[in-house]
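Here the structure is laid out as structure tokens; the discussion comes afterwards.
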Amino acid sequence: MKSRRAVVPLVVLGLAVLGLAPAQGSPSETYLRPHFGNGSVPAGCITDRDPINPDNHCYHMKVGLNALDSPKVDVDVLIPVSPAAERDMRVASQAVQMWDDGLHYLAQQMGLPWLVKGFTMDVRTHEVPVNDDGTPKDPINLVDPEIVVVVSNPAGGIGIGIDPTSFAGQLGLVDDQGVPCTQVSNPFSMGAWQSRPGFEQHDGEPGGTYVQDCGGVGGNVCFAVNGAVDPATGASDFFPLFDLVSHEFGHCLTLGHVGDGADGPWGPTPTNDIMAYSTDPPLINKCVSTLDVEGFALRMSNYLDVNGDHKVDGHDHLVPNDKRGDGANSFQVQSPDDHHYASPTGDPADCPQADQSLVPGAEGDFMPKPVATTRPKLTLGDVSTTDGWLRVSGVAARVPLAKQPTAYDGGSDDPTGDSYSPVTDLDGVHVKVTRTAVDAVIKASQVWPVVDGTSPVAYSLTIDGRRLDSFVPTGGTDDKPVVMDNGTGYYLPKGTATWDTTKNTVTFHVRRDYLADQAITAPYNVYAVTGYHTRSNDWVANDDLAPNKLDLDLAGPKQGPETRDAPVADRVTTKSYKVGSGSFLPADSTLGVGLISTVDSRDYLNVPIDQQATVLATLTWTGDATLGLVVGGGSSQEQVKTDDPNKIQVLVPWARRDLTVTVDPQEIIDPTDYTLTIKRTTVVADRDHDHVPDVADNCPSAKGPSAGGGCPDSDDDTTFDSDDACPNVPGIGADGCPTAGGERVVAYLDGKQVDSASVVTLHDGMRFDLAAPASRGSHELKVCWYDGGRLVATARRTLD
1 MKSRRAVVPL
11 VVLGLAVLGL
21 APAQGSPSET
31 YLRPHFGNGS
41 VPAGCITDRD
51 PINPDNHCYH
61 MKVGLNALDS
71 PKVDVDVLIP
81 VSPAAERDMR
91 VASQAVQMWD
101 DGLHYLAQQM
111 GLPWLVKGFT
121 MDVRTHEVPV
131 NDDGTPKDPI
141 NLVDPEIVVV
151 VSNPAGGIGI
161 GIDPTSFAGQ
171 LGLVDDQGVP
181 CTQVSNPFSM
191 GAWQSRPGFE
201 QHDGEPGGTY
211 VQDCGGVGGN
221 VCFAVNGAVD
231 PATGASDFFP
241 LFDLVSHEFG
251 HCLTLGHVGD
261 GADGPWGPTP
271 TNDIMAYSTD
281 PPLINKCVST
291 LDVEGFALRM
301 SNYLDVNGDH
311 KVDGHDHLVP
321 NDKRGDGANS
331 FQVQSPDDHH
341 YASPTGDPAD
351 CPQADQSLVP
361 GAEGDFMPKP
371 VATTRPKLTL
381 GDVSTTDGWL
391 RVSGVAARVP
401 LAKQPTAYDG
411 GSDDPTGDSY
421 SPVTDLDGVH
431 VKVTRTAVDA
441 VIKASQVWPV
451 VDGTSPVAYS
461 LTIDGRRLDS
471 FVPTGGTDDK
481 PVVMDNGTGY
491 YLPKGTATWD
501 TTKNTVTFHV
511 RRDYLADQAI
521 TAPYNVYAVT
531 GYHTRSNDWV
541 ANDDLAPNKL
551 DLDLAGPKQG
561 PETRDAPVAD
571 RVTTKSYKVG
581 SGSFLPADST
591 LGVGLISTVD
601 SRDYLNVPID
611 QQATVLATLT
621 WTGDATLGLV
631 VGGGSSQEQV
641 KTDDPNKIQV
651 LVPWARRDLT
661 VTVDPQEIID
671 PTDYTLTIKR
681 TTVVADRDHD
691 HVPDVADNCP
701 SAKGPSAGGG
711 CPDSDDDTTF
721 DSDDACPNVP
731 GIGADGCPTA
741 GGERVVAYLD
751 GKQVDSASVV
761 TLHDGMRFDL
771 AAPASRGSHE
781 LKVCWYDGGR
791 LVATARRTLD
């Protein structure tokens, strides 16, 4: 627990805790508040979309995807009648119910009563009778739905064995006045949706969304189309049916992907979020997050009384805190400290689970019952009474209730013969956490013997729900395994995992500084997973776990020094040099949005940074072509204007780690040769000594954290001083000032209140200072900690 200082008048340090009130339930114990309003990102956050920017510490969600036009959301779920129809309907309806309950639960925990009361969801399920060939017997007519969930059977897929590609009936929509809106032919055919203009499909996955504007009183109708009808849970698709329906339904609720920009990943990414395009955590269904609620609240503020003035107008409209976003979409930015899930503890591993069995059964309960995970601890220290003044200091903190792990290493054996085959049969795992790495050895009955540069089996290490997959990629030429972060798609450095087919072990060496960049810190929950997969991260089936109870929890020694940062230069020097060159042919064209061929034709180059510097990258080429240039890993990147059509320049104001450069052959008309050069100027000016060079410091005369662009948050309430109406007094108000619902510590001397101070403890412990006039003699001191007017802790001292 780190203590933070609040700048208020009063001095106390000690160990006496004399009174405690019952702890609140999670996740309200640690969620601080949403930050709405353009530019009002939490302190410590930036809006640069580079996923490997070392200062990019916060989560980003694309918002405003679907113009949902009512807080009363009617949902129709359509399932074709089949041998598995009951199960499919149960899974799909539970996915919708998960959103309904999760949004309401978290909105209450997050202090958004207007959303709790104003938003409602009505779910209507339809089992559609079909003929022997799978075609519906009758047309389907729906009345004024906001969202329609369609669980189709992919043509030629496994699953329920129906291929309704010649659907005779139609899906018809009418508004609540009986006015027809549209008709959709073949609604259970994934191919029909894929050919419909405007259908947004996930790359290579059987799902997507389509929005129909019905106009008038009908408004918009969003179709969440899903083709993942599994024969068994998780056995056939990258996403199982529950998560796929949940994910597409989230898009219809206006939410985009977490950690996703127009150009790809935008990190770090909370991969356990249902709106992240990942299967983390393995074998656990996801649920709603506080970031999802913040994104949904933005849309709902158009129709609900947010400010409590008994009317709905422009004063209620909430604005995302990164309105410009990637230039095409707005984003909501959230501190990882505020990121929790709709589970009893706020942990994604505790998300309520759906009943997905083939045997008919009761549905899961998706309204969590909050469980206390912390207790308030009020710590007082020495009390001084000098010069007629009482001075007291202390710390108010919320400490974990659960016993924290102390061991740095541990392991677990796993029974043999509990998997499909020896190559996916884990015998055990042993993990050791050092100052710099998480080292693990996974033992299998037989490690896949790599032949011809590929492996249909992956061995994975999961750390706090983030799965790191080791496999030999399809098309590999050296039979060497790679390690990919399943949640982000990043490939970790060579040698992160090694396979020993003699000892049948897979050894991982995962750097802790990489995990810290992904907001994964000790203590760690670690387990091993293995199973079959195709291509890179498209899993066919997870097979075996070790330990099966997922209960290997390890502490970590104090993390070693950051080894990836280059040192600060002692003088300014400039160096220009050629980094690389290459050639492109017309067949290499990507059109700037994807790959035309099955082979990635982009070129990737590395720019070593041995001293912190500004970097100017210049790309020039010959021939009739359009190239793109992206430079990642710096504080940001800015394109420099040039009049030469065959030249691009990108400036990185502050680079302290090696940079990655991508040269994109967007459109190649004639064979093209290119050259990439670098001009690197070391950085030394840092007037406020906050380790942020002036060239990258948004507040060069005020000391602040690097992640906040060098700007300060003096009172540690997550509101930058520049946006804080009370910069020296911590508060949870939208303006950074204390509110009636906030926290206070109050000093009483002989029963009389003599001083008080505002504190904000939800993210971390906070120090307070109190002072009051005091006469000589004996006194009784009592310090009380209040949260929203509720007494949570008391400490007492007798003064002589």
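Take the sequence shown: its position 244, counting from 1, is numbered 244 in our numbering, and each next residue is one higher.
From the three backbone atoms N, C-alpha and C, an ideal C-beta is built for every residue, glycine too.
- The C-alpha of Asp316 lies about 27 Å from the C-alpha of His763.
- Counting C-beta pairs with one atom in each stretch, the stretch 668-687 and the stretch 621-635 have three or more that are closer than 8 Å, which means they touch.
- Between Tyr604 and Thr677 a beta carbon distance of about 17 Å is seen, past the 8 Å cut, so the two are scored as non-contacting.
- The beta carbons of Asp694 and Ala685 sit closer together than 8 Å.
- Per the Cβ contact rule, the stretch 777-793 is in contact with the stretch 742-753 (3 or more Cβ pairs under 8 Å).
- Spatial neighbours of Asp735 in its own chain (CB-CB distance under 6 Å, excluding positions within 5 residues in sequence) are listed in chain order as Ala725.
- CA-to-CA, the gap between Asp260 and Pro51 works out to about 9 Å.
- Gly256 is positioned such that its CB atom lies closer than 8 Å to that of Val63.
- By the criterion of at least three beta-carbon pairs nearer than 8 Å, the stretch 541-557 is not in contact with the stretch 565-573.
- Asp122 and Val75 do touch by the CB rule: their CB atoms are close to 7 Å apart, below 8 Å.
- Only buried fits Val333, as 16 or more other CB atoms lie within 10 angstroms of its CB.
- Ranked by how close their Cα comes to the Cα of Ala407, the residues Val433, Tyr210 and Arg124 have Val433 in first place.
- Secondary structure at Tyr514: helix, using DSSP grouped into helix, strand and coil.
- In this structure, the alpha-carbon of Val431 lies about 43 Å from that of Gly788.
- Per the Cβ contact rule, the stretch 407-426 is not in contact with the stretch 465-473 (fewer than 3 Cβ pairs under 8 Å).
- Remark: C-beta atoms of Val371 and Ser26 approach each other more closely than 8 Å.
- By the Cβ neighbour-count rule, Leu591 is exposed, with fewer than 16 other Cβ atoms within 10 Å of its own.
- Sorting Asp273, Glu363 and Leu390 by C-alpha distance to the C-alpha of Asp347 places Asp273 at the top.
- DSSP places Glu146 outside both helix and strand once states are collapsed to three, so it counts as coil.
- In the DSSP assignment, Asp673 falls outside any alpha helix (DSSP H) and lies within the beta strand (DSSP E) extending over Thr672 to Thr682.
- Check the Cα spacing between Phe296 and each of Val630, Leu115 and His509: the tightest is with Leu115.
- Judged by beta-carbon spacing, Val650 lies within the 8 Å limit of Gln639, meaning their Cβ atoms are closer than that value.
- Rounded to whole angstroms, the Cβ separation of Val457 and Asn504 is 12 Å, and the two are not in contact under 8 Å.
- The beta carbon of Glu294 is closer than 7 Å to those of Pro34, Gln332 and Gln334 in its chain, skipping five residues each way along the sequence.
- Per DSSP, the continuous alpha helix (DSSP H) segment holding His104 begins and ends at Ala85 to Gln109.
- When Gly411, Ala402, Leu380 and Ser384 are compared, the shortest CA-CA separation from Ala396 is found for Leu380.
- With fewer than 16 other Cβ atoms from the protein chains shown falling within 10 Å of its own Cβ, Lys575 counts as exposed.
- Relative to the Cα of Thr30, the nearest Cα in the group Ile732, Asn38 and Leu426 belongs to Ile732.
- Note that the C-beta distance between Lys679 and Leu616 is below 8 Å.
- As the crow flies, the alpha-carbon of Ala342 is around 8 Å from that of Met367.
- Glu363 is classed as exposed because its beta carbon has fewer than 16 other beta carbons within 10 Å across all chains shown.
- Counting along the chain, the unbroken alpha helix (DSSP H) around Val293 starts and ends at Thr290 to Met300.
- Membership of Trp114 in the alpha helix (DSSP H) is indicated by the continuous run Pro113 to Gly118.
- For Gln611, the secondary structure class from DSSP, reduced to helix, strand or coil, is coil.
- In the same chain as Asn302, and ignoring 5 residues on each side of it, the C-beta atoms closer than 7 Å to its own belong to His317, in chain order.
- For Trp448, the three-state secondary structure derived from DSSP is coil.
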